[in-house]
Amino acid sequence: MAKKNYTDGCTDVVCSVDYAFKRIGGKYKGRILWNLSNKNILRYGELKKTLMDVTPKMLTQTLRELEDDELVLRKVYHEVPPKVEYSLTEIGMELIPFINHLKEWGDKQRAKEKA
């Protein structure tokens, strides 16, 4: 599959920021990466339980995008019934400290809104 070009039309210094958010942006990508960082390996059904508002089609599409972007590894076991496990790649693991910072920032902002 051809690599996505995340820098189309990008001409200034924010290109790297745009690039990063385009790769990890989306309603469910952050939560999937977060859940995989906490559990290391999850099967499709386990991921689905952590994202109760996601449709099967959207979860599959999001996992494929993360796999295409080399952030998530999909391991298929050839057995009956089929078994598939998802885990973070080395590149995906590099994101976890930044996702932790985003979580901390989100916690602070939510606390301010409640105050």
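When we follow numbering that gives the first Met the number 0, the leftmost residue of the sequence shown carries the number 0, and every step to the right adds one. All C-beta atoms, glycine included, are put in the ideal place defined by N, C-alpha and C. Quick caveat, the model's predicted, so the values are computed rather than measured.
(message) Excluding the 5 residues flanking A110 on each side, which residues of the same chain have their C-beta closer than 8 Å to its C-beta?
(response) Residue 110 sits at position 111 when you count from the first residue of the sequence shown. Cβ neighbours of A110 beyond the five flanking positions: none.
(request) To the nearest angstrom, report how far apart V71 and L58 are at their CA atoms. (result) As a first step, residue 71 is located in the sequence shown; it is residue number 72 there, counting from the start. As a first step, residue 58 is located in the sequence shown; it is residue number 59 there, counting from the start. The straight-line gap from Cα to Cα measures roughly 13 Å.
(message) Taking a contact to mean a Cβ-Cβ separation below 8 Å, would you say Y43 touches V83 in this structure?
(response) Locating residue 43 in the sequence shown gives position 44, counting from the first residue. Locating residue 83 in the sequence shown gives position 84, counting from the first residue. Yes, the pair counts as a contact, with Cβ atoms nearer than the cut-off.
(message) Looking at the secondary structure, which residues open and close the beta strand (DSSP E) in which V71 lies?
(response) In the sequence shown, counting from the first residue as 1, residue 71 sits at position 72. Run containing V71: 71-76, per the beta strand (DSSP E) assignment.
(message) Here's the rule I'm using: 16 or more other beta-carbon atoms within 10 Å means buried, otherwise exposed. How should I23 be labelled?
(response) Along the sequence shown, read from residue 1 onward, the residue named residue 23 stands at position 24. Classification for I23: buried.
(message) DSSP three-state label for K26, please.
(response) Translated into positions along the sequence shown, residue 26 becomes position 27. K26: coil per DSSP, three-state reduction.
(request) State the start and end residues of the unbroken beta strand (DSSP E) segment that holds L87. (result) Walking along the sequence shown from the start, residue 87 turns up at place 88. Where L87 is concerned, the enclosing beta strand (DSSP E) stretches over 82-87.
(message) Under DSSP, the beta strand (DSSP E) around L50 begins and ends at which residues?
(response) For this step, residue 50 is matched to residue 51 along the sequence shown. That residue, L50, is in no beta strand (DSSP E); it is neither H nor E in DSSP.
(request) List the DSSP bridge partners of L41. (result) Locating residue 41 in the sequence shown gives position 42, where the first residue counts as 1. Y85, per the DSSP bridge assignment.
(message) Going by C-alpha to C-alpha distance, which of K28, E103, K102, E78 sits closest to L50?
(response) Position 51 of the sequence shown holds residue 50. For L50, the nearest C-alpha among the options comes from K28.
(request) Sort E93, H77, Q108, Y85 by Cα distance to R63 and report the nearest one. (result) As a first step, residue 63 is located in the sequence shown; it is residue number 64 there, counting from the start. For R63, the nearest C-alpha among the options comes from Y85.
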